[in-house]
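For what it's worth, my numbering labels the leading residue of the sequence shown as 8, then goes sequentially.
Backbone N, C-alpha and C fix where the C-beta goes; we use that ideal spot for every residue, glycine too.
Note that this is a predicted model, so its numbers are computed, not measured.
A short write-up of the structure that comes next.
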Amino acid sequence: MKKYLVVLVAVLLASFSFSFMWFDSPEVAAKKIDLQSFVESKFEYLQKVGKDAAFVEFQKPDGLGVDGEKYIFIFDLNGLCLVHSANPKLVGKNLIDLRDSKKKLFIQEFNKVIKADGKGWVEYNWTHPISKLIKPKLVYLIKIDDTSYMGCGIYKAD
């Protein structure tokens, strides 16, 4: 009986893992790889030149913080927006209580991921800037230091 349970649990775990592996379409998987690479390259740049210089560069409309539809944002752990390459009007605003269309406190979710793992993924729903439809958005985040983190997001379906 014990052996049967072990085999059953192993089969269930394997099928659960495979279902997650196939959750993303090849297009979404490729976008995720590109997104993660983009954020990691900007993090490396920040480490190389320092926070102050990187923040200035990322805030420039034609700077390193923007690449097509991708843009860097940086928050502190209190929810204060330090950099937003796509919308400079958000800089200096505390967005800790910002909710998505399903009432998810996604900035707080960003903080949880950063505090727990130092980097990771968060999904929330947001209005697509072109279609104006609410769509799932996937964000990759990296901890900068004990007080701040950076990230970038993509819409899962265009």
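query                                                                                                          : result
Within the segment 48-106, ranges of the beta strand (DSSP E) (whole runs, at least 3 residues)                : 80-83, 88-91
Backbone secondary structure at ILE1 - three-state DSSP                                                        : The displayed coordinates of the chain run from 8 to 165. Any statement about residue 1 would go beyond what the structure contains.
Minimum C-alpha distance to LEU148 - residue among ILE161, SER138, LYS139, PRO136                              : ILE161
4-residue-minimum alpha helix (DSSP H) runs that sit fully inside the segment 103-132, ordered along the chain : 113-124
Spatial distance of ALA61 from GLY158 (CA atoms)                                                               : 14 Å
Which of helix, strand or coil DSSP assigns to PRO136                                                          : coil
Length of the line joining the Cα atoms of SER32 and TYR78                                                     : 23 Å
Rounded separation between PHE82 and CYS88 - CA only                                                           : 5 Å
Outcome for LEU140 when other beta-carbon atoms lying within 10 angstroms are tallied against a minimum of 16  : exposed
Within 9 Å, strictly: CB atoms of VAL90 and GLY72                                                              : yes
Residue from LYS38, LEU105, TYR131 whose Cα sits closest to the Cα of GLU76                                    : LYS38
The beta strand (DSSP E) enclosing SER32, as first and last residue numbers                                    : Careful: SER32 lies outside any beta strand (DSSP E) and carries neither H nor E.
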